[in-house]
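To keep things clear, I will list the structure first and then write my remarks on it.
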Ligand code: UDP
């Protein structure tokens, strides 16, 4: 079976994907600098602690391990933080990826699955976004993902690097197989913060109710992390089978407003979510909903968790287990 390097494999989506690959029989090597990921997510998967800016270390690892393909998650992910610290985002997300791409060229690794984002699109007029919608990022975070995608298009042409960019919409939920879930520090994402508000009784702030949407709050497409991990596997198989470079949206195609997510949390937990209305958060587009027809058609992807309540249920199970979670051995 092919050997896959997973960068950022101690993070939320990275670790769940790494364990999925291992369960499906792939050889897996994880790299992560553990600045934001968690060692406990890695379990017994082979692991090297390093930052992807370390090109020589990556060249050594890719060669020594005879890596066939890379799934590249290692990046910072917070829209709000990227607005406050754009330099950090450009150097880590773009600089880190350039280092990885250099290392891959030196070690002659020709296949890459890249964690891109719906943030490359920014605000769009359409009810759901197809892959050929215009790029219009409204945050440095989105800019970093678009810059990398542009580099990948060029490398496809000039270096023969075959890559698939997966443009995630809002990843959420916990993975029933590995038992892993979302543990960002600090947490900035909506669903874990709503659950935290339920548990602690401290109100969550909703970032704006004056958007041009039905209830005034932002609409997002919440996709379960296990379905997202599956999309990586399908993309990888496509590339390893000789497929061409491409880009796919990964979302369910259904949008939910912040208040609808809050109601789903109340339904699942049976408790009231304390909240207060605050101003808009910089960098937030009003509506981001995927058209994921291409992913379904070309890669045969189908979400197992299509219903928001089912997704929230897995996140709630993970939150309830805090302090007695069983991490992968
Ligand atoms: N959001 C919010 N309060 C919070 C965190 C998030 O109202 O404390 C909103 C945010 O403005 C966005 C949606 O929830 O409209 C999803 O945000 P998240 O940070 O989870 O993901 P993003 O869309 O930024 O990738």
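In the numbering used here, the protein residues as written are 853 to 1181. All C-beta atoms, glycine included, are put in the ideal place defined by N, C-alpha and C.
Between which two residues does the beta strand (DSSP E) carrying residue i extend?
| i | result |
| --- | --- |
| residue 915 | Looking at the DSSP string, residue 915 is not in any beta strand (DSSP E); the run it does join, the alpha helix (DSSP H), is 907-916. |
| residue 1127 | 1127-1130 |
| residue 1076 | 1074-1076 |
| residue 1024 | 1022-1024 |
| residue 1157 | Residue 1157 -> no beta strand (DSSP E), and no H or E assigned at all. |
| residue 1183 | Nothing about residue 1183 can be read from this structure; the chain reaches only from 853 to 1181. |
With 16 as the cutoff for other CB atoms within 10 Å, does residue i come out buried or exposed?
| i | result |
| --- | --- |
| residue 884 | buried |
| residue 1122 | exposed |
| residue 1006 | exposed |
| residue 918 | exposed |
| residue 866 | buried |
| residue 988 | exposed |
| residue 1010 | exposed |
| residue 1145 | exposed |
| residue 997 | buried |
| residue 1002 | exposed |
| residue 1034 | buried |
| residue 893 | buried |
| residue 936 | exposed |
| residue 1114 | buried |
| residue 1069 | buried |
Let's see if you can read the secondary structure: which residues bound the alpha helix (DSSP H) around residue i?
| i | result |
| --- | --- |
| residue 868 | 864-875 |
| residue 948 | 948-959 |
| residue 1043 | 1042-1052 |
| residue 1146 | 1145-1151 |
| residue 1120 | 1110-1121 |
| residue 1008 | 992-1011 |
| residue 1161 | 1160-1172 |
| residue 940 | 938-941 |
Check this for me: beta carbons of residue i and residue j, under 8 Å apart or not?
| i | j | result |
| --- | --- | --- |
| residue 1119 | residue 1161 | yes |
| residue 1031 | residue 864 | no |
| residue 1077 | residue 994 | no |
| residue 955 | residue 916 | no |
| residue 965 | residue 1135 | no |
| residue 910 | residue 951 | yes |
| residue 1104 | residue 1061 | no |
| residue 1059 | residue 1133 | yes |
| residue 927 | residue 860 | yes |
| residue 983 | residue 1100 | yes |
| residue 991 | residue 934 | yes |
| residue 872 | residue 856 | no |
Listed by chain order, which residues have C-beta atoms less than 6 Å from any heavy atom of the ligand GDP? Judged by which ligands are present, the ligand GDP is missing from the structure shown, whose ligands are the ligand UDP.
Meets three-Cβ-pair contact criterion under 8 Å: the segment 1106-1120 and the segment 904-911: no
Is there contact between the segment 931-948 and the segment 875-884, where contact requires at least three CB pairs shorter than 8 Å? no
Within 8 Å, do at least three Cβ pairs link the segment 1090-1100 to the segment 1129-1140? Between the segment 1129-1140 and the segment 1090-1100, the count of Cβ pairs shorter than 8 Å is below three; the stretches do not touch.
Within 8 Å, do at least three Cβ pairs link the segment 1039-1052 to the segment 1077-1092? no
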